[in-house]
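**Q** Could you have a look at this structure, given as structure tokens, before my questions?
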Amino acid sequence: MDRPILEVRDLDAFYRTKGARRQVLHGVSFELLEGEILGLVGESGSGKSTLARVILGLEPEYTGTITHHTERPQMVFQDPGGSLNPRMTVRRTVEEPLVVAGGYSRTERERLVREMLDLVGIDERYLDRLPRALSGGQRQRVSIAAALIRRPQLLIADEPVSALDATVQAQVLDLLWDLHQQLGLSYLLISHDLAVVEEMCDRVLILKEGRIVEQGTVAQVFDAPQQEYTKELLWVSRGER
Numbered sequence: 003m004d005r006p007i008l009e010v011r012d013l014d015a016f017y018r019t020k021g022a023r024r025q026v027l028h029g030v031s032f033e034l035l036e037g038e039i040l041g042l043v044g045e046s047g048s049g050k051s052t053l054a055r056v057i058l059g060l061e062p063e064y065t066g067t068i069t070h071h072t073e074r075p076q077m078v079f080q081d082p083g084g085s086l087n088p089r090m091t092v093r094r095t096v097e098e099p100l101v102v103a104g105g106y107s108r109t110e111r112e113r114l115v116r117e118m119l120d121l122v123g124i125d126e127r128y129l130d131r132l133p134r135a136l137s138g139g140q141r142q143r144v145s146i147a148a149a150l151i152r153r154p155q156l157l158i159a160d161e162p163v164s165a166l167d168a169t170v171q172a173q174v175l176d177l178l179w180d181l182h183q184q185l186g187l188s189y190l191l192i193s194h195d196l197a198v199v200e201e202m203c204d205r206v207l208i209l210k211e212g213r214i215v216e217q218g219t220v221a222q223v224f225d226a227p228q229q230e231y232t233k234e235l236l237w238v239s240r241g242e243r
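Given below as structure tokens:
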């Protein structure tokens, strides 16, 4: 786990609203290593989701460099209810990336869809159901299956369990950990829940107002934080205020 799979250097990102150009990321630099789970933590509005979107190529206005040492990553969003097309069955949702990519026969697509759904714990009897017929946890499993169907090496998970109840959160986190182990995946795990980051991640970035103010191993940052902002986040998370 020492080869970078993603390198970000001196990244500035901007939004335009009503003709005005507003900078939301400032000089962001980091590496994500092969096989690593890297946590990204910060308050709402700190720029976490913007950073993810820039990495995915969804926010075009930026300066700096983003170097992918693999195919572009895929993303799992916070709310599976909002990210899934309500008119597409489970089968079609998971199959769609293969259809868009091309080069797969119908038989091959069907086999890959069934294999992936089995991997994420969705029984084949759900293949022709719509998202509204699934539980929140099942919808997120389908989202994960669609993101992984073409076997990317890097997955960006943006608050992947925050819309789920506590029991289902634990099940989905267990699934993400198992997939990380089985498939050798790297994750950029975005979360406001420091307990999740502490449990899942190898290293962590602390983002404040679009700047990385602290980074290191989870043990370094959580046990001996250097920045007051990090200490405040930990105090709030641990109920010490």
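Going from the sequence shown to the working numbering is simple: count from 1 and add 2.
Each residue gets a CB set at the ideal place from its N, CA and C atoms; glycine is no exception.
If we call anything under 8 Å between Cβ atoms a contact, is L86 one with P133?
**A** In contact: L86 and P133 (Cβ atoms closer than 8 Å).
**Q** Helix, strand or coil for D81, going by three-state DSSP, please let me know.
**A** In the structure shown, D81 sits in coil (DSSP, three-state: anything other than H, G, I, E or B).
**Q** With DSSP as the reference, label E242 as helix, strand or coil.
**A** Legend: pLDDT at E242 = 46, less than 50; position of this residue unreliable, value from coordinates given subsequently. E242 falls in the coil class under three-state DSSP.
**Q** Please list, in chain order, all residues of the same chain as V162 whose beta carbon is under 6 Å from its beta carbon, the five residues on each side excluded.
**A** Position check: residue 162 holds Pro in this sequence, whereas Val was assumed. Closer than 6 Å at the Cβ level, and outside the excluded window around P162, lie V78.
**Q** Are Y231 and I214 touching if we call contact CB-CB under 8 Å?
**A** It is not a contact, given that the beta carbons lie outside the stated cut-off.
**Q** Do the region 187-204 and the region 36-54 meet, that is, are 3 or more Cβ pairs less than 8 Å apart?
**A** Yes, the region 187-204 touches the region 36-54.
**Q** Nearest to H71 by CA position, among L34, P82, L177, is which residue?
**A** Selected option, being the one with the closest Cα: L34.
**Q** Using the Cα positions of L185 and R153, report the straight-line distance between them to the nearest angstrom.
**A** For L185 and R153, the distance between alpha carbons rounds to 8 Å.
**Q** Check whether the region 110-125 and the region 142-156 touch, using three or more Cβ-Cβ pairs below 8 Å as the test.
**A** Contact holds: three or more Cβ-Cβ distances are below 8 Å.
**Q** I want to know whether the region 89-99 touches the region 52-64 - three or more CB-CB distances under 8 Å.
**A** Result no; under three Cβ-Cβ pairs closer than 8 Å.
**Q** The beta strand (DSSP E) with I146 in it runs from where to where?
**A** From DSSP, I146 is part of no beta strand (DSSP E) but of the alpha helix (DSSP H) over 138-150.
**Q** Going straight from the alpha carbon of S164 to that of F16, what length do you get?
**A** If you take the alpha carbons of S164 and F16, they lie about 27 Å apart.
**Q** Is H70 helix, strand or coil when you go by DSSP?
**A** Residue state, collapsed to three classes: strand.
**Q** Cβ of T69 less than 8 Å from any chain B Cβ?
**A** Protein chain content of the structure displayed is limited to a single chain, and chain B is not contained in it.
**Q** I2 by DSSP, collapsed to three states: which one?
**A** With the chain represented from 3 up to 243, any question about residue 2 goes unanswered, as that position is not in the structure.
**Q** How long is the line joining the alpha carbons of A22 and T67, rounded to whole angstroms?
**A** Cα to Cα, A22 sits roughly 24 Å from T67.
**Q** Grab me the residues of D160's own chain with a C-beta within less than 8 Å of its C-beta, minus the 5 sequence neighbours each way, in chain order.
**A** Within the same chain, D160 has close Cβ partners K50, S51, A54, M77, V78, F79, Q80, I192.
**Q** With a threshold of 8 Å on Cβ separation, who are the neighbours of E45 within its own chain once the five nearest residues in sequence on each side are excluded?
**A** Cβ within range, chain order: H194, K210, L235.
**Q** Run the CB neighbour count on R127, radius 10 Å, all protein chains shown included, and call it buried at 16 or more, exposed below.
**A** R127 should be labelled exposed.
**Q** Which complete beta strand (DSSP E) runs does the region 134-218 hold, if anything under 3 residues is left out?
**A** Within the region 134-218, the complete beta strand (DSSP E) runs of at least 3 residues are 156-160, 188-192, 205-210.
**Q** Bridge partners for A15 per DSSP, in chain order?
**A** Partner(s): L27, Y64.
**Q** Based on DSSP bridge pairs, tell me the residues matched to A22.
**A** Beta-bridge pairing links A22 to T19.
**Q** Taking V10 as the reference, give the member of L190, V220, K233 with the closest Cα.
**A** Residue L190 is the option with its Cα nearest to V10.
**Q** Given this structure, state the Cα-to-Cα distance separating D225 from F32, to the nearest angstrom.
**A** Computed Cα separation, rounded: 21 Å.
**Q** Suppose the cutoff is 7 Å on Cβ atoms and the five residues either side in sequence are ignored; what does the same chain contact list for P99 look like?
**A** A148, I151, R152, listed in sequence order.
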